[in-house]
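What follows is a short report on a single structure.
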Amino acid sequence: MINAVGREIPDEILRMTGKEPFQGNSYKEGVPFRRYAPIIRPVMDNTHNKMVKDIHEALVKCKAHNGMTVSFHHHFREGDLVVCMVMEEIHKMGLKNITLAATSLGKAHDALVPMIEDGTITSIQASGVRGKIGEAISHGKLKNLAIMRSHGGRVRSLVTGETKVDIAFIGAPTADEYGNLRGVGGKSNCGVLSYSHVDGDCAEYVVAITDTLVPFPNFPAHISMTKVDCVCVVDAIGIPEKIATGAAKPTTDQRKLMMAEYCTQVVVNTPYFKDGFSYQTGVGGASIASTISLTKIMEERGIKMGFGVGGMTKPMCDLLDRGLCRVLLDTQAFDLDAVTNILNPKHHRITAGSYANPFNKGAFVNKLDYVILASLEVDVHFNCNVVVGSDGIITGAQGGHPDTAQGAKCTIVICPLLQGRIPAICSEVTTVTTPGESVDIVVTDYGVAVNPNRPDLLKALEEADCVPLKTIEQLRDEAYAITGVPNPVEFGDRIVGIIEARDGTIMDVVREIKD
Amino acid sequence: MNPAENPNKKRLRRSMMFLNAQKPGLIKDPYVYGPDSIMLDLEDAVAVKEKDAARFSLYHALQEIDYRGVERVVRINGLDSDLWEEDILCSVAGGCDSIRIPKTETGEDVKKVEAVVEEAEKRFGREPGSVLIMAALESAKGVLNALEICTASPRLFGIALSGGDYTKDLQTSITGTGVELMGARQHMIIAARAAGVQCFDTVWTNLNDMEGFRKDVETIKMMGFDGKSIINPRQIPIVHDIYTPSQKEIIFAEKVVREIDEKSAQGIGVFTVDGKMIDIAFYDGAKRTLMLARAAGKYKGDL
Amino acid sequence: MEILKPAVAGTLESSDCMVTVEPGQGKVNLDLDSSVMRQFGPQIKKVIAETLARLDVTDVNIRVVDKGALDCTIKARVEAAVYRSNDIRKDIPWGGAIK
Numbered sequence: 003m004i005n006a007v008g009r010e011i012p013d014e015i016l017r018m019t020g021k022e023p024f025q026g027n028s029y030k031e032g033v034p035f036r037r038y039a040p041i042i043r044p045v046m047d048n049t050h051n052k053m054v055k056d057i058h059e060a061l062v063k064c065k066a067h068n069g070m071t072v073s074f075h076h077h078f079r080e081g082d083l084v085v086c087m088v089m090e091e092i093h094k095m096g097l098k099n100i101t102l103a104a105t106s107l108g109k110a111h112d113a114l115v116p117m118i119e120d121g122t123i124t125s126i127q128a129s130g131v132r133g134k135i136g137e138a139i140s141h142g143k144l145k146n147l148a149i150m151r152s153h154g155g156r157v158r159s160l161v162t163g164e165t166k167v168d169i170a171f172i173g174a175p176t177a178d179e180y181g182n183l184r185g186v187g188g189k190s191n192c193g194v195l196s197y198s199h200v201d202g203d204c205a206e207y208v209v210a211i212t213d214t215l216v217p218f219p220n221f222p223a224h225i226s227m228t229k230v231d232c233v234c235v236v237d238a239i240g241i242p243e244k245i246a247t248g249a250a251k252p253t254t255d256q257r258k259l260m261m262a263e264y265c266t267q268v269v270v271n272t273p274y275f276k277d278g279f280s281y282q283t284g285v286g287g288a289s290i291a292s293t294i295s296l297t298k299i300m301e302e303r304g305i306k307m308g309f310g311v312g313g314m315t316k317p318m319c320d321l322l323d324r325g326l327c328r329v330l331l332d333t334q335a336f337d338l339d340a341v342t343n344i345l346n347p348k349h350h351r352i353t354a355g356s357y358a359n360p361f362n363k364g365a366f367v368n369k370l371d372y373v374i375l376a377s378l379e380v381d382v383h384f385n386c387n388v389v390v391g392s393d394g395i396i397t398g399a400q401g402g403h404p405d406t407a408q409g410a411k412c413t414i415v416i417c418p419l420l421q422g423r424i425p426a427i428c429s430e431v432t433t434v435t436t437p438g439e440s441v442d443i444v445v446t447d448y449g450v451a452v453n454p455n456r457p458d459l460l461k462a463l464e465e466a467d468c469v470p471l472k473t474i475e476q477l478r479d480e481a482y483a484i485t486g487v488p489n490p491v492e493f494g495d496r497i498v499g500i501i502e503a504r505d506g507t508i509m510d511v512v513r514e515i516k517d
Numbered sequence: 010m011n012p013a014e015n016p017n018k019k020r021l022r023r024s025m026m027f028l029n030a031q032k033p034g035l036i037k038d039p040y041v042y043g044p045d046s047i048m049l050d051l052e053d054a055v056a057v058k059e060k061d062a063a064r065f066s067l068y069h070a071l072q073e074i075d076y077r078g079v080e081r082v083v084r085i086n087g088l089d090s091d092l093w094e095e096d097i098l099c100s101v102a103g104g105c106d107s108i109r110i111p112k113t114e115t116g117e118d119v120k121k122v123e124a125v126v127e128e129a130e131k132r133f134g135r136e137p138g139s140v141l142i143m144a145a146l147e148s149a150k151g152v153l154n155a156l157e158i159c160t161a162s163p164r165l166f167g168i169a170l171s172g173g174d175y176t177k178d179l180q181t182s183i184t185g186t187g188v189e190l191m192g193a194r195q196h197m198i199i200a201a202r203a204a205g206v207q208c209f210d211t212v213w214t215n216l217n218d219m220e221g222f223r224k225d226v227e228t229i230k231m232m233g234f235d236g237k238s239i240i241n242p243r244q245i246p247i248v249h250d251i252y253t254p255s256q257k258e259i260i261f262a263e264k265v266v267r268e269i270d271e272k273s274a275q276g277i278g279v280f281t282v283d284g285k286m287i288d289i290a291f292y293d294g295a296k297r298t299l300m301l302a303r304a305a306g307k308y309k310g311d312l
Numbered sequence: 003m004e005i006l007k008p009a010v011a012g013t014l015e016s017s018d019c020m021v022t023v024e025p026g027q028g029k030v031n032l033d034l035d036s037s038v039m040r041q042f043g044p045q046i047k048k049v050i051a052e053t054l055a056r057l058d059v060t061d062v063n064i065r066v067v068d069k070g071a072l073d074c075t076i077k078a079r080v081e082a083a084v085y086r087s088n089d090i091r092k093d094i095p096w097g098g099a100i101k
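Chain order of the listed sequences is A, B and C.
Counting with our numbering, you get residues 3 to 517 for the letters of the first sequence.
Counting with our numbering, you get residues 10 to 312 for the letters of the second sequence.
Counting with our numbering, you get residues 3 to 101 for the letters of the third sequence.
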């Protein structure tokens, strides 16, 4: 069946997953559902001890079994040690057919590939997969479908009960013996635990893993003892220098600076740029440069930001410190400045659910004016691909891309026209991860294109005469004139993964790569 | 075409960016940064053992890359090498717009290059007179011979100071103050104007000191230079910003051009615009202001 | 042209390619490794074959390691390697065999 972004979703996949094809952003608006709740085993005994001596004991206590689903967060990013540590123990116990439901997987988890090959891990659900696991999935090594879903979509899948987590492992920079967990302090400080809240709410068993045990109560707790079954102390849960690096030096690459300037001009010349506007941006060189140049214009015009949301970086924290932003709503700390800035009382932690879950009574993304995003590819329908490389290999993550793109009033995607010889602006993206209806403006080094479904934004930018405006087709044609028309990547027949839309429908499928 | 009448001789050259002709990543799309000219370098940037490979790279780039109206100058190797003639053949065959002669010392140097360019135009079927020449002055002798160099060939559109070698020849170095360059700059701009050609300043190499760069460009603009040689695309917006006339200057220039067109038709020679005495001598300057404004996107009129 | 001795041109930087030629065994034998093989493999092979044909090279072992070079760069590197194998650095037939 052809879905709303023109992608063929084979009936076999619809049958196998019980899912519907994507039918547009508002398809599930207002459709009621009952929230899933896990089984709780009451603890009234005041001598009850939650401490376990190792992960093995935690697994036994939490009834680890073949075919179970285990979950993890990615707040330790490239420095994560928790996923591999737990999976190794599961592997040692000889358990099979495990579903790995992580918020995201990356290069820190390359060591899991042999467990995919030997049938320990047979299903993966994540925002996306970088590194060797992505390659393994694209080469058909995972037995079942990989499901790639956005941060908001993941929360939806847990609160609807679509994904039932048997054991959630929450790496916590600090914990007390009764399971009060905080994202700050300790040896592996990551600032926040936003992505794990829903696991605390929905998993059958919750295991806290920490390398820094602190006296009870570890308070205010980011995840409460009321949700935690076991606490396990290990030597190290993360590699600090890989969790949060020093703030990225502002880029000196003129191409990125140009795209940043175009992006800033787009922001300040569209109607939402007024006192109290809201804003989210990423960690790319152009995004950071754009935030810096935006700051100057905000100061000149006396315009303050109402809130900044999402993953945080130094330039966003600087806005807060200089009184140019009312509050920051943090889901992830991208650099050390963001980790320490969270001590500012106006720098708040929010959960992934309140950030981006499409299935609650309204998330922060719905209140966004601007979001600045990146993309591996954008096609002439404004569809974005942030998961599958142009060579057909799974190499990225949805993150909050589809969530913020849908929510924001003005979604800006920054994308250089060419990645080496690969045209990033193309006729059809390899895989659709964010639908074109969510994307308003594409900023490239060769010019800026506005989605024809936003004539209001086009008019504002034409009147301001501030950026070189082109159509998306013009950009594609310029790219192809330079590189030549790329051959479509040849895929095998087997479907190895699905890209899930925020609402749980199928946006696209990912096929096995042909060698 | 009579090279003296080649319309490209007087084109706008605020920013002339050096690029190593041997680096595909640099030469594939520098036009996105919006320089007025690029100078594809076969000389200092290219290692001796890569001179041959650089020419093939240059030739195909000139043939196949659409530089979107950016002037394509090639800096050839010095006339004291055995490389420069092949450099010119490759460049002219490839379709370059201009040749930059390094280390020019005399009018004779320009004439030597002119002869090979002329020969190459014939051999490769280029329109005679279509390939222009610029001369870089890199020594005390070259600077002192500026006028002779400027008038050596009708193909010569301008001279450029090359401060690194020049200051070594003076037995000093680039100080960042501009003191060591003062005499050469003053002498060269006077010679260039006397000969009716353009004049370009030397590069600024300290990319960590963008404020110093800005001051440097402001200085040479005040002195009358047409533009600056640059080494990094980050320098382009600064140069263009400084060479962009203010709104007030643009409005005034527009009035001057209109009034002179009108009044000279009526046979009136001297008159006032906004209380200032104006005559025909203001015409070229006003036209140039409008050209600079148009290049910066600040003037959309038709004058 | 004959390939008289092994020769190399180009680099492994992004947007470049490294071309190595050696005397062959009676035919053109191409070994191509490209970072954009899936999208541009056939096009790159075509450019290499056409360039060799223009130079009248019919007997060569040629290895190309491509890092996303455009066609103009691939041509330039193949030509540079072939001319180097003949120690020719002057009087290149610009606009003739080179075009």
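Backbone N, C-alpha and C define an ideal beta-carbon position, used for all residues, glycine too.
Query                                                                                                                                                                          : Result
Smallest Cα separation from Ala113 (chain A): which of A:Met95, A:Asp47 and A:Met89?                                                                                           : A:Met89
Can you confirm whether Arg194 (chain B), when its beta carbon is compared against all beta carbons of chain A, has any partner nearer than 8 Å?                               : no
Any C-beta of chain B sitting closer than 8 Å to the C-beta of Tyr264 (chain A)?                                                                                               : no
Just checking, does the segment 388 to 399 of chain A make contact with the segment 324 to 343 of chain A on the three C-beta pairs under 8 Å criterion?                       : no
Across which residues does DSSP place Arg513 (chain A) in a beta bridge pair?                                                                                                  : A:Ile497
Hey, quick one: how far does the alpha helix (DSSP H) through Ile199 (chain B) stretch, first residue to last?                                                                 : Met191 to Ala204
How would you list, in chain order, the residues of chain A whose beta-carbon sits under 8 Å from the beta-carbon of Ser17 (chain C)?                                          : Gly422 and Arg423
Can you tell me whether Ser287 (chain B) is buried or exposed, with buried defined as 16 or more other CB within 10 angstroms of its CB?                                       : Correcting the residue identity first, residue 287 (chain B) is Ile in this sequence and not Ser. Buried, because 16 or more other Cβ atoms sit within 10 Å of the Cβ of Ile287 (chain B).
Does DSSP put Tyr76 (chain B) in a helix, in a strand, or in coil?                                                                                                             : coil
Just to confirm the assignment, what range does the beta strand (DSSP E) spanning Ala9 (chain C) have?                                                                         : Ala9 to Gly12
Going along the chain, which residues of the segment 436 to 455 of chain A sit with their C-beta nearer than 7 Å to a C-beta in chain B?                                       : Asp447 and Tyr448
Tell me which residues share the same chain as Thr293 (chain A) and place their Cβ nearer than 7 Å to its Cβ, disregarding the 5 neighbours each side in the sequence.         : Thr283, Pro317 and Met318
Which ranges does the alpha helix (DSSP H) cover as unbroken runs of at least 4 residues, wholly within the segment 265 to 312 of chain A, from first to last along the chain? : 287 to 303
Is the beta carbon of Val101 (chain B) less than 8 Å from the beta carbon of Ala161 (chain B)?                                                                                 : no
Taking only three categories from DSSP, how would you classify Met20 (chain C)?                                                                                                : strand
At which residues does the beta strand (DSSP E) containing Asn8 (chain B) begin and terminate?                                                                                 : Residue coverage of chain B in this structure runs from 10 to 312, which leaves residue 8 (chain B) outside it and unanswerable.
Does the beta carbon of Asp35 (chain C) come closer than 8 Å to any beta carbon on chain B?                                                                                    : no
Please tell me whether Leu14 (chain C) has its Cβ less than 8 Å away from any Cβ of chain A.                                                                                   : no
Looking at Ile299 (chain A): is its Cβ nearer than 8 Å to the Cβ of Thr333 (chain A)?                                                                                          : no
Tell me Glu59 (chain A)'s beta-bridge partners as DSSP assigns them.                                                                                                           : None, per the DSSP bridge assignment.
Report the residue from A:Ser392, A:Val434, A:Ser73 and A:Gly438 whose alpha carbon sits nearest the alpha carbon of Val491 (chain A).                                         : A:Ser392
What is the C-beta distance between Asp447 (chain A) and Val248 (chain B), in whole angstroms, given that I count them as a contact (C-beta under 8 Å)?                        : Not quite, the Cβ-Cβ distance comes to about 19 Å (not below 8 Å), so this is no contact.
Using alpha carbons as the reference points, say which of B:Glu268, B:Asp283 and B:Val282 lies closest to Gly276 (chain B).                                                    : B:Glu268
Quick check on Ala13 (chain B): buried or exposed, where buried means 16 or more other Cβ atoms within 10 Å of its Cβ?                                                         : exposed
Which residues, in order along the segment 266 to 299 of chain B, keep a beta-carbon less than 8 Å from a beta-carbon of chain A?                                              : none
Go ahead and label Glu10 (chain A) buried or exposed: buried means 16 or more other beta carbons lie within 10 angstroms of its beta carbon, across all protein chains shown.  : exposed
Got a sec? Which residues, its chain only, sit under 6 Å from Arg64 (chain B) by beta carbon, not counting five neighbours each side?                                          : Cys99
By the criterion of Cβ-Cβ separation under 7 Å, what are the contact partners of Arg79 (chain C) in chain A?                                                                   : Near Arg79 (chain C) there are no residues of chain A at all, since even the closest Cβ is about 14 Å away, more than 7 Å.
Alpha carbon to alpha carbon, what distance is there between Glu22 (chain A) and Asp323 (chain A)?                                                                             : 46 Å
Measure the alpha-carbon distance for Arg20 (chain B) versus Met26 (chain B) and round it to whole angstroms.                                                                  : 15 Å
What residues of chain A sit near Val38 (chain C), judged by a beta carbon separation below 9 Å?                                                                               : Ser392, Asp393, Gly422, Arg423, Ile424, Thr485 and Pro488
Assuming the contact rule is C-beta atoms closer than 8 Å, Asp381 (chain A) and Ser429 (chain A) should be a hit. Round their C-beta distance to whole Å, please.              : 6 Å
Based on DSSP bridge pairs, tell me the residues matched to Ser238 (chain B).                                                                                                  : B:Met25
For Val84 (chain A), which residues from the same chain have a beta carbon less than 8 Å from its beta carbon, with the 5 sequence-adjacent residues on both sides left out?   : Phe74, Phe78, Phe171, Gly173, Ile211, Ile239 and Gly240
Which same chain residues, not among the five before or five after Leu178 (chain C), have their C-beta less than 8 Å away from its C-beta?                                     : Any property of residue 178 (chain C) remains undetermined from this structure, which presents chain C solely from 3 to 101.
Going by alpha carbons, who is nearest to Glu464 (chain A) out of A:Ala451, A:Met314, A:Ile149 and A:Gln421?                                                                   : A:Ala451
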